[in-house]
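The structure appears right after this line, and notes come after that.
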Amino acid sequence: MELLIIPFALGLISFIVPKNNIRFFGLIGSLVPAVLTVFHLSGYTPGTLTEVFSIKEDIIFGLTFTMHYDGIALLMMLLTAFSFPLIFLSNYNRELSSSPLFHALAFFMQTGLFGVFIAGDGVLFYIFWEFTLIPIFLILYWFGNGNYTTLVKFFIYTMVGSLAMLLSLIWLKQYAVSFAYGDLIAAQLSEKEGFWIMAGFMLAFAIKIPVFPFHTWQPNTYSTAPMAGTMLLSALMLKMALYGMIKWMIPLAPEGLANMKWIVVVLGIIGIIYGGIIAIKQTDIKKIFAYASISHLGLIAAGIMIFSQNAISASMIQIINHSILSIGLFLVAEVLISRTGTQDITQMGGIAEKAPKFAFWFMIITFASVSIPFSAGFIGEFLLLREISQFKLSLGILAASTLVFGAIYMIRAYQLSMSGHKENLQFADLTWNEWVVFCILGVLALIFGLAPYLIGDMVKESALQLTYIVAN
Amino acid sequence: MSNDQLLYSILLLPLLGAIINGILGKQFSEKIIGIIGTLMVAIPFILAVSLFTSFDKPINVHAFTMLEMDTFRLDAGFKLDSLSLWMTMIITGIGSLIHIFSIGYMHDDKGFYKFFTYLNLFIFSMLVLVLGDNYLMLFFGWEGVGICSFLLIGFHYADKVKGMENSLAARKAFIMNRIGDLGLLIACFLLLSKFGTLNYDQIGLATLLGEFEKDSLFMIAITLSLFLAAIGKSAQIPLFTWLPDAMAGPTPVSALIHAATMVTAGIYLTIRSNFLFEQAPFTQHIILYIGLATALVAAFIAMKQNDIKKVLAYSTVSQLGFMFVALGLGSYTVALFHVTTHAFFKALLFLGSGSVIHANHHEQDITKMGGLKKYMPITHLVFLIGTLAISGFPLLSGFFSKDEIFAAAFGHGYLVFGLMVLAAAMTTTYMFRMYFLVFHGEFRGDNHTEKHLHESGPLMTLPLIILAILSIVGGALNLPSFLAGESAHWMNHFLEDSTLGLSLIHPHHLADSTAIGIMVGTTLITLSIIFWAYSVYAKSNYPISKEQNFKGWAEWSSNKLYIDELYNFLFVKPTEFISARLLMLVEKNMLYDSVLRLTSGIQVGGNQVRRIQTGLLSNYLYFMILGVILFIGYSLYYFKFWNY
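Chains A and B are the protein sequences, given in the same order. Each residue of the first sequence is one higher than the one before, counting from 1 in this note's numbering. Each residue of the second sequence is one higher than the one before, counting from 1 in this note's numbering.
Right under this line is the structure:
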C-alpha cells in the first residue's frame with residue numbers, strides 16, 4: 001500500500017514546497033519510491049505472486065480490493081520508479097523544473113502507474129488506468145505548446161478505447177464470481193466471446209501503444225508536448241498498455257488469442273514498416289522519433305501476441321530497452337530544439353564540431369536505437385524477431401526490415417543535425433545534469449545488452465505461468 | 001599464462017586501448033596515444049604468434065551465459081582453432097603495422113585520439129567476430145566492425161568542403177551492410193529452429209553426422225541467408241557500391257578495414273560455415289557466379305578510374321570476387337590463402353597510396369601526378385612490389401594464391417577458368433596503368449605541390465617495407481607440390497587440421513604438368529600486358545587528356561557502369577516517393593482526418609445532447625462509435641479474412 005501512498009503524498013507535498021527548492025525536492029523525493037521498489041525486489045522470489053494489500057471478500061458488485069505483483073509487474077514498477085528521477089534530472093535546468101504543479105502532477109501520475117501494475121482486480125486496474133490519463137493530460141495542456149484540438153483528440157481518442165475495455169470487463173464479469181484477477185482468469189468463454197472481449201481490451205491498448213492505424217494522435221502530441229510530457233508518455237504510459245496486453249488481455253480471454261493473434265501481428269508489422277517508411281522523410285526531429293516509436297512498439301505488440309515464454313521475456317527486455325531509449329531520444333530532441341530554436345533537422349547541421357560531448361551521446365543513443373549488439377535493444381529485437389519468424393517466417397522477415405529502415409532514418413537524423421560545418425554556429429555543450437542522464441542511460445543499455453538475463457531471470461517464471469494459464 | 005588467459009588478453013587488450021585513449025586521449029600527446037594504440041594491437045599479435053607456435057588443438061572458452069531461454073541459450077563463448085588463429089594473426093599483424101603508419105599519417109589531425117580509439121575498437125570487434133564460438137558472437141563482432149567502419153568513413157564529418165559527402169558515404173556503407181545483416185539474422189533464426197543452438201561445433205557435428213539431403217530447401221535457405229550477409233560485408237554484386245564510396249575515410253582506414261580485414265569477414269563466415277555450404281551445391285553455384293561477375297565488373301570499372309583510391313577500391317571488390325569464386329568451388333583454404341596474400345599486398349598498396357597522397361597535398365587524381373619515382377624512391381619501390389604482387393608476377397605472393405584459384409577454376413570448367421584469366425588480365429592492366437601514370441613520366445600537378453614533394457617519414461615507410469617483404473615471400477605459405485615437394489600446401493594442412501569440416505573436403509589438385517602449364521600461360525599474359533602498359537603510359541609525353549575525356553566503353557567504365565544512378569532510380573527514389581505518398585494519402589487524408597472528425601463529432605454531439613438531456617447520455621455516443629467499430633470488426637471476423 002505504501003507504493004501508492006508515498007508518491008501520492010509526495011505529490012501533495014509538492015504544492016507546499018517553496019518554488020526555489022521544488023526541483024531539488026522532486027529529484028530527491030522521486031528516489032524514495034525507487035528505493036522502495038528495490039526493497040520489494042530484494043524480497044522477491046521469481047515466479048511467486050507477492051500480495052501487497054488485499055481485502056479478499058466482495059465489497060459490492062463483485063468488486064474486490066486486491067493488490068499483488070509478479071515478476072513482470074515488479075519489473076514494470078522498477079521501470080516506473082527509476083524513470084522518474086531520470087526524467088526530473090533531465091528537466092533540471094529547464095523552466096518546467098521550478099513548477100510545483102508539474103511535480104505534483106508527475107507524482108500523481110506515478111501513483112496511478114504503480115496502481116496499474118499492482119492492481120489485482122479488473123475494476124481497480126481500469127480505475128488506475130484512467131487515472132493516469134488526467135495528470136498527463138494536464139501536463140500536456142498546461143505546459144505544452146500544443147493547440148487544444150490536438151490534445152482533446154488525444155484525450156477523447158484514448159477515452160473511447162478505455163470504454164471498450166470497460167465493456168469487455170463487464171461482459172467478462174458475467175462468467176466470473178468477482179472482478180478479482182484470479183476469478184476473471186477462471187472464467188470460461190466460447191471462442192467467439194473470447195475474441196470480442198479481447199477486441200475490447202485490444203482497442204484500448206492499440207490506441208495507447210499505439211498500433212497502426214490508431215497512431216495518429218501520437219506524432220502531433222509528441223511534437224507539441226514538453227520534454228517531460230513526451231518522456232512520461234513514451235517511457236511509461238505506452239508501456240502500461242503493453243503490460244496490459246501481457247498481464248490482462250491475453251490471460252483473461254485466451255480463447256480469442258488464436259484469431260486475434262493474426263490481426264495484431266499483421267497490424268504490428270504494418271506499423272513497423274509504415275512507421276519506418278514515413279520516418280525516412282520527416283524533418284521534424286520529434287516526429288521522426290514518434291514514428292520510430294510506432295515502428296519499435298509495433299514489433300513489441302506483435303511479439304507479445306505470440307505469447308510463448310520466450311516471447312514474453314523478450315517483450316519485457318525490449319520494453320525496458322525502449323524506455324531507456326525514449327528518455328535518451330527525447331532528451332536529445334530537447335537539447336537540439338532548445339539550443340537551435342527549431343525542430344527542423346534540415347535547419348541544423350555542424351553541431352558535432354561544437355558540442356563533442358553531446359555528439360558522442362547522440363551517437364550512442366542512435367546506435368542503441370538501431371539495436372546494435374552490446375546494447376539492450378539487440379537481444380530484445382533478436383528474440384522478438386525470432387519468435388515472430390517461428391510463428392511465420394515470411395512475417396518475421398518483413399518485421400526484420402526494421403533493421404534497415406531504422407538505420408536509414410536514425411542515421412539521417414543524426415547526420416543532418418550534427419555533421420557538416422557551419423560558420424559562426426553557437427551551440428552550448430551538455431550541462432551537467434544532461435550529461436549525467438546520458439551516462440546513466442548508456443550504462444544501463446550496456447548492462448542489459450551484455451547481461452539480458454538480469455531481466456530474463458526475473459520475468460521468465462511469471463511468463464511461464466501466464467503461458468500455462470493460456471494453454472489451459 | 002594459460003591458454004585461456006592468453007585468449008582473453010588477445011581479445012581484451014584492444015578494448016582496453018580504446019577505453020584508455022577514448023577517455024584520457026585528449027590529455028595525451030600524440031606520441032603517447034600512438035604508442036598505447038599500437039601496443040594494444042601489437043601485444044595481442046605477439047601473443048597470437050606464441051599461441052601459434054605451440055598450437056596443437058583448438059581452445060574453447062565459455063565466458064558467460066547471456067540469456068537462458070526454455071529452448072535455447074545465448075552464450076558468450078570463444079574458440080581458437082586454426083582458422084580463427086590465422087585470422088587473428090592477420091588482423092593484429094596488419095593492424096599493428098597500420099597503427100604505426102597512422103601515427104605518421106594522422107599527425108596534426110584534430111581527432112588524433114579519436115582515430116586511435118576507433119581503430120582499437122575496430123580491432124576488438126574484428127577479434128570478437130573471428131574468435132566467437134557461435135553465430136551470435138559473430139553477429140556481435142559483425143555489427144561492431146560495421147559501426148567502426150561507419151565512424152571511420154565519416155571521420156572527417158566536419159570538413160568544410162567534404163563533410164557532408166563523407167557522412168553520406170558512411171551512411172551508405174552502414175545501410176548496405178544492414179541489408180546484409182538481415183541475412184545473418186534470418187540465418188540465425190533458421191539455425192536456431194533447426195538445431196536449437198548457434199554454436200559452430202554443435203551445428204557442424206549435427207550437419208556432418210546427420211543425414212541431410214543435399215540441396216534441401218532448408219539448407220538452401222540457410223546458406224543463401226548467410227551468403228546475403230557475406231555479400232553485404234564483402235561488397236559483392238549487388239551490394240558492392242558502398243566500398244568505393246568508403247574511400248572517403250582516411251587512407252589507413254581503407255587499408256585496414258576496407259581492404260585487409262573487415263571486408264574479408266564474409267569470406268571468413270563462409271569458410272566457418274563450410275559444412276552448411278557443402279550441403280547446398282545450389283548455393284555454391286550462386287556464390288561462384290556472383291563472385292565471377294563481381295571480379296569482372298569491378299575490374300572493368302577499375303580500368304578507367306582516375307582517383308588512386310577508387311582504383312584500389314574497385315580492385316579490392318574484384319579480388320574479393322576472386323575469393324568468392326574459390327569459395328563457390330569449395331576450395332575454402334585457397335580462398336583464405338588469397339585473403340592472406342591480398343591482405344599483404346592490398347594493405348601495402350593502400351598505405352603506399354596514402355604516402356603518395358600525403359606527399360601530394362591530398363591530391364588523389366592520378367592524372368595530376370606523374371614522375372613521382374624520383375621524389376619518393378622508397379614508396380615507389382614498395383608500390384611497384386605491391387603492383388607486381390597483385391598482378392601475379394611470378395614467385396611473388398599473389399602469383400601463388402591466384403594460381404590456386406585458377407587451378408580450382410580449371411578443374412571446374414573452361415568458361416569459368418577463361419573468365420578468371422580475363423579478370424586477372426584486367427587487374428594487371430589497371431594496376432600498371434595507375435602505376436605508370438603515378439610514378440613515371442613528367443609531374444603534371446601544380447608547381448607548389450611539386451616543390452613540396454617528399455618521401456614520407458620512417459613511421460610511414462617502415463610498415464611499407466615490412467608489408468613489401470611479406471608481399472614478396474607470402475606465397476611460401478602454400479607452395480604447389482612441384483616446387484616444395486613434401487612441405488607443399490603447408491597452409492592448407494594447417495587449416496584442415498583443426499577447423500571443423502575442412503578436413504573432409506579435399507580440394508581438387510591438378511596434375512603437375514597442367515599446373516605448370518597454367519602458370520606459364522598466365523605469366524606470359526601478365527608480362528605482355530606489363531610491357532604494353534609500359535609502352536603506352538610510361539612515356540613522358542603521354543597525352544593525359546586521353547585519360548580525362550573518355551569515349552565508348554571507357555566512358556561506361558569511368559562512370560562506374562551507372563550503377564549508382566540505377567540504384568537511385570530503382571530503390572532510393574521509389575522509397576522516398578512512397579514515403580511522401582503514404583504521409584499525404586494515408587496518414588493525413590485517411591487516418592488523421594477521420595479520427596479528427598470522430599473526436600470532434602463526439603464533442604459537438606456530446607454538447608448538444610447534454611443540452612437536451614443529462615450529460616451522462618453522451619456516453620451513448622461512445623457506444624455508437626464502438627458499435628460501428630465492432631460491426632466492422634465482426635464483418636471481418638465473419639468472412640474469416642485471416643484464412644486468406
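C-beta atoms are modelled at their ideal positions from N, C-alpha and C, and glycine is treated no differently. Source: prediction; values computed, not measured.
Less than 9 Å between the C-beta atoms of residue i and residue j, yes or no?
| i | j | result |
| --- | --- | --- |
| residue 161 of chain A | residue 105 of chain A | no |
| residue 291 of chain A | residue 409 of chain A | yes |
| residue 396 of chain A | residue 403 of chain A | no |
| residue 126 of chain B | residue 262 of chain B | yes |
| residue 121 of chain B | residue 14 of chain B | yes |
| residue 495 of chain B | residue 82 of chain B | yes |
Could you check what DSSP says for residue i in three-state terms: helix, strand or coil?
| i | result |
| --- | --- |
| residue 166 of chain B | helix |
| residue 565 of chain B | helix |
| residue 51 of chain A | strand |
| residue 505 of chain B | coil |
| residue 549 of chain B | coil |
| residue 464 of chain A | helix |
| residue 303 of chain B | coil |
| residue 372 of chain A | coil |
| residue 73 of chain B | strand |
| residue 375 of chain B | coil |
| residue 63 of chain B | strand |
| residue 110 of chain B | coil |
| residue 443 of chain B | coil |
From residue i to residue j, what does the alpha carbon distance come to, in whole angstroms?
| i | j | result |
| --- | --- | --- |
| residue 225 of chain A | residue 595 of chain B | 19 Å |
| residue 578 of chain B | residue 277 of chain A | 8 Å |
| residue 369 of chain A | residue 324 of chain A | 10 Å |
| residue 733 of chain B | residue 302 of chain A | Given a span of 1 to 644 for chain B in the structure shown, any question on residue 733 of chain B remains unanswerable. |
| residue 446 of chain B | residue 161 of chain B | 21 Å |
| residue 31 of chain A | residue 564 of chain B | 54 Å |
| residue 245 of chain A | residue 149 of chain B | 40 Å |
| residue 247 of chain B | residue 378 of chain B | 24 Å |
| residue 441 of chain B | residue 42 of chain B | 39 Å |
| residue 405 of chain B | residue 388 of chain B | 18 Å |
| residue 412 of chain B | residue 325 of chain B | 11 Å |
| residue 524 of chain B | residue 466 of chain B | 29 Å |
| residue 83 of chain A | residue 306 of chain B | 56 Å |
| residue 512 of chain B | residue 497 of chain B | 24 Å |
| residue 65 of chain A | residue 183 of chain B | 51 Å |
So, is residue i buried or exposed, given that buried needs 16 or more other C-beta atoms within 10 angstroms?
| i | result |
| --- | --- |
| residue 29 of chain A | buried |
| residue 98 of chain A | exposed |
| residue 114 of chain B | buried |
| residue 555 of chain B | exposed |
| residue 84 of chain B | buried |
| residue 25 of chain B | buried |
| residue 328 of chain B | buried |
| residue 121 of chain A | buried |
| residue 432 of chain A | exposed |
| residue 110 of chain A | buried |
| residue 183 of chain A | buried |
| residue 454 of chain B | exposed |
| residue 236 of chain B | buried |
Identify the contact partners of residue i in chain A, using a Cβ-Cβ distance below 7 Å as the criterion.
| i | result |
| --- | --- |
| residue 272 of chain B | Result: empty, since nearest Cβ-Cβ is about 18 Å, beyond 7 Å. |
| residue 163 of chain B | 419, 420 and 421 |
For a contact defined as C-beta to C-beta under 7 Å, what are the partners of residue i on chain B?
| i | result |
| --- | --- |
| residue 353 of chain A | 158 |
Can you list the residues of chain B that residue i reaches, using a CB-CB cut of under 9 Å?
| i | result |
| --- | --- |
| residue 403 of chain A | 178, 179, 181, 182 and 185 |
**Within 7 Å of chain E by C-beta, residues of the region 35-48 of chain A in sequence order** = Reference to chain E is not applicable here, since the protein chains of this structure are A and B.
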